[in-house]
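Asks: Just so you know, the UniProt record's numbering puts the end of the sequence shown at 201, numbered straight through with nothing missing.
Yeah, the Cβ is synthetic: ideal placement off N, Cα and C, and Gly gets one too.
Quantities reported herein were computed from a predicted structural model and do not represent experimental measurements.
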Amino acid sequence: MPFSSTSPLPSALPRDRRYEQGGWLLLASLSMFFISSVLLYGLYAYGRRDDPLSLVPLPKAFLLSTVLLVVTSGLLHVASLTIRREKRWRTAGLIAISAGVAIGFLLVQFHAMNETLNGPALRAGNGKGLAGMVAVLVFLHALHVAGGILALGIVFLRTVLGKYDHERYWPVRFAAHYWHFLDLVWLCMLASFWLTAGSWG
Numbered sequence: 001m002p003f004s005s006t007s008p009l010p011s012a013l014p015r016d017r018r019y020e021q022g023g024w025l026l027l028a029s030l031s032m033f034f035i036s037s038v039l040l041y042g043l044y045a046y047g048r049r050d051d052p053l054s055l056v057p058l059p060k061a062f063l064l065s066t067v068l069l070v071v072t073s074g075l076l077h078v079a080s081l082t083i084r085r086e087k088r089w090r091t092a093g094l095i096a097i098s099a100g101v102a103i104g105f106l107l108v109q110f111h112a113m114n115e116t117l118n119g120p121a122l123r124a125g126n127g128k129g130l131a132g133m134v135a136v137l138v139f140l141h142a143l144h145v146a147g148g149i150l151a152l153g154i155v156f157l158r159t160v161l162g163k164y165d166h167e168r169y170w171p172v173r174f175a176a177h178y179w180h181f182l183d184l185v186w187l188c189m190l191a192s193f194w195l196t197a198g199s200w201g
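1) Please name the residue, chosen from V67, G47, P171, that lies closest to G23 on a Cα-to-Cα basis.
2) Could you work out which residue in F62, L195, L75, I97 is closest to A142 when comparing CA atoms only?
3) Give me, in chain order, the residues of the same chain whose beta-carbon lies closer than 8 Å to that of A176; leave out the 5 immediate sequence neighbours on both sides.
4) Tell me, which residues are paired with W200 by DSSP?
5) Out of R48, S98, V145, Q21, which has the shortest C-alpha to C-alpha gap to A131?
6) Expressed to the nearest angstrom, what Euclidean distance is found between the alpha-carbon atoms of A197 and V108?
7) Does D165 come out as helix, strand or coil in the three-state DSSP assignment?
8) Measuring CA to CA, which of I154, E167, M189 is closest to F139?
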């Protein structure tokens with residue numbers, strides 16, 4: 001969508017830069033939160049290293065959800081490139097597909113958490129195994145995924161309305177960064193689960 005010489009876009013760009021700084025601060029604070037959570041989980045696991053019930057078989061659904069999450073962030077990375085070429089509808093389509101794949105991720109995670117919570121560790125171990133902590137961390141990550149999906153809905157609508165172009169594209173790019181961040185957090189969590197909780201079920 002072309003902009004006239006009277007468009008307010010250029011004067012709004014400094015505000016976008018302030019939003020960008022706020023976005024990076026958000027990611028920094030979330031990084032601190034998840035690092036602390038994984039460290040607490042590690043201490044919890046270490047304290048129960050001699051408990052046989054701490055060997056919780058990890059749901060194989062985690063492997064599928066990992067693929068879905070990586071696909072989501074990959075699509076959004078492509079969207080952050082297409083919007084800079086002012087391919088509005090292609091960008092909107094990529095964002096919509098990304099949101100759909102992300103919803104699939106949540107559904108798979110729900111199934112995996114249900115499998116974990118109904119496993120023998122919580123039933124026989126009276127909640128003393130690692131299954132509860134695994135479920136808590138997965139749930140916290142899923143909450144941030146759900147928030148990301150809502151944000152994608154807003155970015156999608158603004159993309160359709162032509163709010164972004166080769167100059168103003170930061171919201172799309174930040175969406176990609178946010179999902180890359182969720183990728184990294186999930187991979188770190190999954191590695192910690194595998195190292196402490198046991199093998200795949």
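Replies: With the structure as the only source:
1) For the purposes of this step, residue 23 is taken as residue 23 along the sequence shown, with counting starting at 1. Answer by Cα proximity: P171.
2) One-based indexing of the sequence shown puts residue 142 at position 142. Considering only alpha carbons, the answer is F62.
3) Indexing the sequence shown from 1 puts residue 176 at position 176. The residues are S73, L76, H77, A79, S80.
4) In the sequence shown, counting from the first residue as 1, residue 200 sits at position 200. Looking at the DSSP assignment, W200 forms a beta bridge with L58.
5) As a first step, residue 131 must be located in the sequence shown, where it is residue number 131. That would be R48, whose Cα lies nearest to the Cα of A131.
6) As a position in the sequence shown, residue 197 is number 197, starting the count at 1. As a position in the sequence shown, residue 108 is number 108, starting the count at 1. Computed Cα separation, rounded: 20 Å.
7) Sequence index remark: in the sequence shown, residue 165 carries index 165 (1-based). Coil at D165, not helix or strand.
8) Within the sequence shown, numbered from 1, the residue matching residue 139 stands at position 139. Taking only the C-alpha atoms, the option nearest F139 is M189.
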